[in-house]
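Participant: For what it's worth, the UniProt record's numbering labels the leading residue of the sequence shown as 1, then goes sequentially.
By construction, the Cβ of each residue, glycine as well, lies at the ideal position given by its N, Cα and C atoms.
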Amino acid sequence: MQRLELLRRIYAKDRDALYGNLHMDFVCHTPGSSQIAGSFRGAEGMRWHVQQMQELTGQTFRPRHEDVFMLAGDWATVPVRLAAFRQGKTLDMRAFGIWRFADGLLAEHWEMPVDLAVFDEFWR
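1. According to DSSP, Glu111 sits in a beta bridge with which residue or residues?
2. Out of Gly45, Gly42, Ala83, which one is the CA nearest neighbour of Thr57?
3. According to DSSP, is Asp120 part of a helix, a strand, or is it coil?
4. Looking only at C-alpha atoms, which of Arg64, Thr60, Trp110 sits nearest to Arg9?
5. Excluding the five sequence neighbours on either side, which residues of its own chain have a C-beta within less than 8 Å of the C-beta of Met112, listed in chain order?
6. Just curious, the alpha helix (DSSP H) that Gly45 is in, first and last residue?
7. Taking the Cβ atom as the reference point for each residue, do Phe26 and Arg3 lie within a distance shorter than 8 Å?
8. Residue range of the beta strand (DSSP E) that Asp74 falls in?
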């Protein structure tokens with residue numbers, strides 16, 4: 001599958017496309033000091049991370065891409081808008097998904113919120 005098509009499918013919530021195209025050494029990096037921060041390894045780690053965000057928000061967490069995908073070599077950057085509700089708090093902010101490919105598969109992902117302090121506070 002072409003990289004652009006794969007990213008489009010991932011941001012369209014195609015979990016099979018996501019989990020089926022992870023490199024064996026895949027790592028997702030989530031910054032900050034909240035309960036969702038950390039490094040999540042492999043398909044199981046990524047699956048757990050996605051489920052955790054959904055459970056903590058009552059299934060309201062939505063990263064929506066802004067129909068711009070920037071690809072260069074083994075790298076891609078996707079501007080997104082994060083939206084969710086949790087414990088009377090609302091998350092509505094811009095972020096970037098940064099992806100690194102290796103051997104045609106997703107090797108790493110960085111979740112990069114524009115305002116880390118606001119992001120951390122929401123998830124605390």
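Facilitator: In this structure, then:
1. Translated into the one-based positions of the sequence shown, residue 111 becomes position 111. Paired residues: Gly97.
2. Taking the first residue of the sequence shown as position 1, residue 57 is located at position 57. It is Ala83 whose Cα lies nearest to the Cα of Thr57.
3. One-based indexing of the sequence shown puts residue 120 at position 120. In this structure, Asp120 counts as helix in the three-state DSSP scheme.
4. Within the sequence shown, the letter at position 9 stands for residue 9. Answer by Cα proximity: Arg64.
5. Within the sequence shown, numbered from 1, the residue matching residue 112 stands at position 112. Excluding sequence neighbours, Met112 sits near Pro31, Ala95, Phe96, Gly97, Ile98.
6. The residue you call residue 45 lines up with position 45 of the sequence shown. Segment 42-56, the alpha helix (DSSP H) holding Gly45.
7. In the sequence shown, the residue the question calls residue 26 occupies position 26. In the sequence shown, the residue the question calls residue 3 occupies position 3. Not in contact: Phe26 and Arg3 (Cβ atoms no closer than 8 Å).
8. For the purposes of this step, residue 74 is taken as the residue at position 74 of the sequence shown. Looking at the DSSP string, Asp74 is not in any beta strand (DSSP E), and its letter there is neither H nor E.
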